[in-house]
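Asker: Please see the structure below; I have some questions.
Residue numbers (my numbering): -11 to 189.
Here it is in structure tokens:
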């Protein structure tokens, strides 16, 4: 008679993406970064509200124009030992993969991260979050929207650029550029302003 060994999450062990995905859930959210499991910070009302507003606006536009598909809190495999789970991601229509029970095996065209207070310092993002943005861009993500609820700004990163190409305040307009052509939303709307207030009326 053999005894089945129950798999447990070991933050000190190194894993491949396939090994990581075979682990049982424990009610927490994790990412795999260079073989190491990293527990993701819990999110609050502000985070959820921003995500809901942006997802609703993007989904309506993307669906109406048949531009592709959006995912939220879904993982994607960046490499054999790294699997990220951004707040929101978009893949153009010609690259949308078939449905799978695993994390996506296609690199998103757009990734959105809404940072939690624990990921921010007096000087901005902590080192791990800064590195995450660079990992996205170096891994093939075309554009990253880095949302900072604490100071109500959005930094826009483009593939091939290590620094943000735009830093948008609440009176600015966020657009989809070449990734989601024609999409526009006032930044202030994501942080609780009415459409008129966000537009500066």
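We treat Cβ as the ideally placed atom computed from N, Cα and C, and that holds for glycine. Values in this document were obtained by computation on a predicted structure and should not be read as measured data.
1. Please report the residue range of the beta strand (DSSP E) in which residue 70 lies.
2. Anyone know if the C-beta pair for residue 92 and residue 60 falls short of 8 Å?
3. Note down, one range per segment and in chain order, each beta strand (DSSP E) of at least 3 residues found wholly within the stretch 57 to 102.
4. Do the stretch 56 to 72 and the stretch 112 to 130 touch if we need at least three Cβ pairs shorter than 8 Å?
5. To the nearest angstrom, how far is the alpha carbon of residue 104 from that of residue 116?
6. Considering only the beta carbon of each residue, do residue 37 and residue 55 sit closer than 8 Å?
7. Using the Cα positions of residue 8 and residue 31, report the straight-line distance between them to the nearest angstrom.
8. Since residue 16 is in the beta strand (DSSP E), which residue starts that stretch and which ends it?
9. Look up residue 120 in the DSSP assignment and say whether it is helix, strand or coil.
10. Along the chain, which unbroken stretches of the beta strand (DSSP E) at least 3 residues long are found entirely within the stretch 129 to 167?
11. Note down, one range per segment and in chain order, each alpha helix (DSSP H) of at least 4 residues found wholly within the stretch -4 to 53.
12. In angstroms, rounded to a whole number, what distance separates the CA positions of residue 174 and residue 158?
13. I'd like to check one pair, residue 134 with residue 101: are the Cβ atoms closer than 8 Å?
14. Rank 21, -2 and 87 by C-alpha distance to the C-alpha of residue 119 and give the top, closest one.
15. Compute the Euclidean distance between the alpha carbons of residue 107 and residue 113, then round it to the nearest angstrom.
16. With a threshold of 8 Å on Cβ separation, who are the neighbours of residue 179 within its own chain once the five nearest residues in sequence on each side are excluded?
17. Ends of the beta strand (DSSP E) at residue 174?
18. Can residue 99 and residue 144 be called in contact, C-beta distance under 8 Å?
19. Can you tell which of 2, 87, 14 and 74 has the C-alpha that lies nearest to the C-alpha of residue 131?
Answerer: Quick answer:
1. Unbroken beta strand (DSSP E) run through residue 70: 70 to 72.
2. Taking 8 Å as the cut-off, the Cβ atoms of residue 92 and residue 60 do not count as close.
3. With a minimum length of 3 residues, the unbroken runs of beta strand (DSSP E) contained wholly in the stretch 57 to 102 fall at 64 to 67, 70 to 72, 76 to 80 and 98 to 102.
4. Contact between the stretch 56 to 72 and the stretch 112 to 130 is established, with three or more Cβ pairs separated by less than 8 Å.
5. Cα-Cα distance, rounded: 13 Å.
6. No. Outside cutoff.
7. Taking the straight line joining both Cα atoms gives about 22 Å.
8. Neither: residue 16 is in no beta strand (DSSP E) and is coded neither H nor E.
9. The answer is helix: DSSP assigns residue 120 an H, G or I state.
10. As far as the stretch 129 to 167 is concerned, its whole beta strand (DSSP E) runs of at least 3 residues are 131 to 136, 141 to 146, 154 to 156 and 161 to 163.
11. The qualifying runs are 5 to 9 and 33 to 53.
12. Roughly 7 Å separates the two Cα atoms.
13. Yes; because the gap between Cβ atoms is below 8 Å, this pair is in contact.
14. Measuring from the Cα of residue 119, the nearest candidate turns out to be 21.
15. Just so you know, the alpha carbons of residue 107 and residue 113 end up roughly 6 Å apart.
16. If you ignore the 5 residues before and after residue 179, its C-beta comes within less than 8 Å of the C-beta of 38, 137, 140 and 158, all in its own chain and listed in chain order.
17. 172 to 174 is the span of the beta strand (DSSP E), which, as asked, contains residue 174.
18. No.
19. If you compare the alpha carbons of 2, 87, 14 and 74 with that of residue 131, the shortest gap goes to 74.
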